[in-house]
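Taking it in order: structure first as structure tokens, then the write-up.
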Amino acid sequence: MAFEQLLTGKLLSEFKTISAMVEIYCKAHHKSTGGEVCQDCQEFKEYAHTRLDRCPYGQDKPTCNKCPVHCYKPHMKQKAREIMIFAGPRMLLPHPIMAIRHLLSERKDAPGKPPAESSNRHLRIKVKS
30 MAFEQLLTGK LLSEFKTISA MVEIYCKAHH KSTGGEVCQD CQEFKEYAHT
80 RLDRCPYGQD KPTCNKCPVH CYKPHMKQKA REIMIFAGPR MLLPHPIMAI
130 RHLLSERKDA PGKPPAESSN RHLRIKVKS
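Take a look at the structure:
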């Protein structure tokens, strides 16, 4: 699946950030090489992509730690937290611009809760058509 085809703008940026964090985490913990990640980490990336694709905030999505909507299942939320705590400080050397942008976006206040039944499906429909 070409992840970039479904996500655009801020959502794509968020996906690239979490992907970079997963690669850093997997390289240190699972001894992955050459940008390839293990099966577990690949499954987590696919899960994160799905959650971003269905984000009710769309392009106005806040960072995960500021978001009032808890869209990750508890075990995946724990894995995301573990990955972010480990990889976050290590992002500055391999991805300085991405890390700084993420830090700056964390400073913004989260918007209020989105309307019920809102989603990002309009992006998926445009791509599939």
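Okay, so the sequence shown: first residue is 30 according to this note's numbering, each after it adds one. Even glycine gets a Cβ: it sits at the ideal position worked out from N, Cα and C.
Give a yes or no on whether the C-beta atoms belonging to residue i and residue j are separated by under 8 Å.
i: arginine 80; j: cysteine 67; result: no
i: tyrosine 86; j: proline 140; result: yes
i: alanine 49; j: methionine 105; result: no
i: lysine 39; j: lysine 90; result: yes
i: aspartate 82; j: leucine 36; result: yes
Assign residue i to one of three DSSP states: helix, strand, or coil.
i: threonine 37; result: coil
i: asparagine 54; result: Residue identity differs from the one stated: residue 54 is tyrosine in this sequence, not asparagine. Helix.
i: glutamate 118; result: Reading the sequence as shown, one finds proline at residue 118 and not glutamate. In the structure shown, proline 118 sits in a helix (DSSP, three-state: H, G or I).
i: proline 97; result: coil
i: arginine 136; result: coil
i: proline 125; result: helix
i: lysine 102; result: coil
i: histidine 131; result: helix
Please work out which residues of its chain come closer than 8 Å, Cβ to Cβ, to residue i, disregarding the five sequence neighbours upstream and downstream, and give them in chain order.
i: alanine 109; result: Ile47, Phe73, Ala77, Cys93 and Tyr101
If I measure Cβ to Cβ from residue i and keep anything under 6 Å in the same chain, skipping five residues before and after, which residues do I get?
i: serine 134; result: Thr92
Here's the rule I'm using: 16 or more other beta-carbon atoms within 10 Å means buried, otherwise exposed. How should residue i be labelled?
i: isoleucine 53; result: buried
i: histidine 131; result: buried
i: alanine 116; result: buried
What does a CB cutoff of less than 7 Å around residue i pick up in its chain, not counting 5 residues either side in sequence?
i: valine 51; result: Val66, Cys70, Phe73, Lys74 and Ile112
i: cysteine 55; result: Ser61, Val66, Cys67 and Cys70
Output yes if chain D places a C-beta closer than 8 Å to the C-beta of residue i; else output no.
i: valine 98; result: Looking at the structure shown, chain D is missing, and only one protein chain is on hand.
Please give the ranges of any alpha helix (DSSP H) in the stretch 61 to 94, keeping only runs that are unbroken, at least 4 residues long and fully inside the region. Qualifying alpha helix (DSSP H) stretches, in chain order: 68 to 82.
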